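Residue numbers for the sequence shown follow the working numbering, so the first one is 34 and each next one is one higher.
C-beta: ideal position from N, C-alpha, C; glycine also.
None of these values were measured; they are calculated from a predicted model.
What follows is one structure encoded as structure tokens, with my remarks underneath.
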Amino acid sequence: MDAADLRVFEAVARLGGMNRAAAELNTVQSNVTARIRLLEDELKAPLFHRHSRGVALTAAGRRLLPYAVRVQHLLEDARRAVEDDGTPKGPLTIGSLETTAALRLSPLLSTYVAAYPAVDLVLRTGTSCEMIEAVLAHRLEGAFVCGPVNHPELEEEIVFREELVILTAPAVGSLDELIGTSDLKVVVLRAGCSYRQRLEEILARRGVIGVRRLEFGTLEAIFGCVAAGLGITLLPRSLIGPVWDDGRVAIHTLPEIEAQVETMFIRRRDAFVSSALAAFLHYVRPAGSAHANAAE
Numbered sequence: 034m035d036a037a038d039l040r041v042f043e044a045v046a047r048l049g050g051m052n053r054a055a056a057e058l059n060t061v062q063s064n065v066t067a068r069i070r071l072l073e074d075e076l077k078a079p080l081f082h083r084h085s086r087g088v089a090l091t092a093a094g095r096r097l098l099p100y101a102v103r104v105q106h107l108l109e110d111a112r113r114a115v116e117d118d119g120t121p122k123g124p125l126t127i128g129s130l131e132t133t134a135a136l137r138l139s140p141l142l143s144t145y146v147a148a149y150p151a152v153d154l155v156l157r158t159g160t161s162c163e164m165i166e167a168v169l170a171h172r173l174e175g176a177f178v179c180g181p182v183n184h185p186e187l188e189e190e191i192v193f194r195e196e197l198v199i200l201t202a203p204a205v206g207s208l209d210e211l212i213g214t215s216d217l218k219v220v221v222l223r224a225g226c227s228y229r230q231r232l233e234e235i236l237a238r239r240g241v242i243g244v245r246r247l248e249f250g251t252l253e254a255i256f257g258c259v260a261a262g263l264g265i266t267l268l269p270r271s272l273i274g275p276v277w278d279d280g281r282v283a284i285h286t287l288p289e290i291e292a293q294v295e296t297m298f299i300r301r302r303d304a305f306v307s308s309a310l311a312a313f314l315h316y317v318r319p320a321g322s323a324h325a326n327a328a329e
């Protein structure tokens, strides 16, 4: 069993067929089939169930797959480590919450890109759940998420601290006016958004359960709907002013234990830290410290 065998096995398992794996690996099906049979003979266990639509992993195949995936990522990290001469360059793909991208990252990214023009920086936004999954799957080198995360495979560090507030239409004088009303709606991002989960927990503590949701794909749409009186939302106070005009919504403060949230930067513990990522973190950490000091 060698790395090439495991690469073929992983491709067949992921794509669900010998033909599809052969096409991806730029080889013929007979070669893929022969490599899988040799691997099964060596391991003395069938790795796939064959059926008319392709193949499915056996119990032994399911046990082998995580190791095959790990080997592929380890080899990729080894290649990147050899190619990395200490000068930040090449691809760097980072994930972020939309709020963090809007609030904190624009000046950092512009400064970083100007300092390291050889880095091909890509920023992808999404919910905390989406970002965590992408980092674990090696699709992102790191991501800004709502913490704490507490995952054994992830390294995490606090970068920013935000104060969360409830936003309503300007005419709403207090949350008490809304709590308990039959038409209360929350305006939120899709499932997996940490602020959405926290808002529902805050309402549940006040006896509001099973609230109706209006889901939108962007923060701008959420803010516009709240300003129009369609519902309430939970977002960082710092968005009001720098991102959206003051006065379009009413801001309702929360007790500190409910309001404080930490934005973490996460990355895999076992992944190679490229010079591009190390330089990026060099810019992010001082900015986070300065933000925390200003908040205090």
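Assuming T91 contacts P79 (C-beta within less than 8 Å), just tell me the rounded distance between them. Contact between T91 and P79 holds, with the beta-carbon distance rounding to 5 Å and staying under 8 Å.
For a quick check, are the C-beta atoms of V41 and R68 less than 7 Å apart? Yes, the Cβ-Cβ distance between V41 and R68 is below 7 Å.
Supposed close pair L125, E174 - CB separation, criterion 8 Å: Yes, they are in contact, since the Cβ atoms of L125 and E174 sit about 6 Å apart, within 8 Å.
Restricting to Cα atoms, I'd like to know which of L236, M297, N59 is closest to H184. If we check each option's Cα against that of H184, M297 comes out closest.
So L232 packs on T132, CB below 8 Å; how close in whole Å? L232 to T132, Cβ: 13 Å. No contact.
May I ask you to list the residues that DSSP assigns as paired with D153? P124, per the DSSP bridge assignment.
What are the partner residues of Q293, as DSSP defines its beta bridges? Q293 has E196 as its beta-bridge partners, per DSSP.
First through last residue of the beta strand (DSSP E) which encompasses L268: Residues 266–269.
Contact set for R302: own chain, Cβ-Cβ below 7 Å, skip 5 residues either direction: Excluding its 5 nearest sequence neighbours in each direction, R302 has C-beta neighbours in its own chain below 7 Å: E186, L187, E188, listed in chain order.
Under 8 Å Cβ to Cβ from V282, same chain only, skipping five residues before and after it: list those, please. Contacts found: L200, T201, A202, P203, F256, V259, A260, I273.
For G257, which three-state DSSP category applies? G257: helix per DSSP, three-state reduction.
So if DSSP puts V220 in a beta bridge, which residue, or which two residues, is it bridged to? According to DSSP, V220 bridges with L247.
Count the CB pairs spanning the region 313–320 and the region 138–158 that are closer than 8 Å, and state whether there are at least three. Between the region 313–320 and the region 138–158 there are three or more C-beta pairs closer than 8 Å, enough to call the two in contact.
Does the Cβ-Cβ distance between T160 and V220 come in under 7 Å? Their beta carbons are not under 7 Å apart, which means T160 does not touch V220 by this criterion.
Rounded Cβ spacing between L197 and V205 (contact assumed at less than 8 Å): Not a contact, Cβ separation roughly 17 Å.
Going along the chain, which residues of its own chain have a beta-carbon closer than 8 Å to the beta-carbon of L138, five neighbours each way excluded? Counting only Cβ-Cβ distances below 8 Å, and skipping sequence neighbours, we find S129, L156, F177.
The beta strand (DSSP E) spanning V178 covers which residue range? Under the DSSP assignment, V178 falls in the beta strand (DSSP E) whose first and last residues are 175–179.
Using 10 angstroms around the beta-carbon of A327, count the other beta-carbons present and answer buried if the total reaches 16, otherwise exposed. Summary for A327: the model assigns pLDDT 48, below 50, so the residue's position carries little reliability, and this model does not support an answer.
Report the CB separation of G50 from G87 in whole angstroms; it is logged as a contact under 8 Å. Rounded to the nearest angstrom, the Cβ distance from G50 to G87 is 3 Å, consistent with a contact under 8 Å.
Roughly how far, in whole angstroms, is the beta-carbon of R229 from the beta-carbon of L236, given that I think they are within contact range, below 8 Å? No, R229 and L236 are not in contact; Cβ-Cβ is about 11 Å, not under 8 Å.
Name the one or two DSSP bridge partners that E188 has. Partner(s): R300.
According to DSSP, simplified to helix, strand and coil, what is E329? Residue confidence for E329 is low, a pLDDT of 49 falling below 50, so the modelled location carries little weight; the figure read from the coordinates is stated next. In the three-state scheme derived from DSSP, where H, G and I count as helix and E and B as strand, E329 is classed as coil.
With DSSP as the reference, label F305 as helix, strand or coil. In this structure, F305 counts as coil in the three-state DSSP scheme.
Separation of V192 from E166, as counted between CA atoms: When only Cα atoms are considered, E166 and V192 end up about 20 Å apart.
What separation, rounded to the nearest whole angstrom, lies between the Cα atoms of M34 and C179? Cα-Cα distance, rounded: 41 Å.
How many Å lie between P319 and L141 at the Cα? Those two C-alpha atoms are separated by around 10 Å.
So the alpha helix (DSSP H) G87 belongs to, where does it begin and stop? In this chain, G87 is not harboured by any alpha helix (DSSP H); it is covered by the beta strand (DSSP E) spanning 87–90.
Limits of the unbroken alpha helix (DSSP H) element including R347: Residue 347 cannot be examined here, being either before or after the span of the chain that is shown, 34 to 329.
Distance, Cα to Cα, D117 vs A292? The alpha-carbon separation between D117 and A292 amounts to approximately 42 Å.
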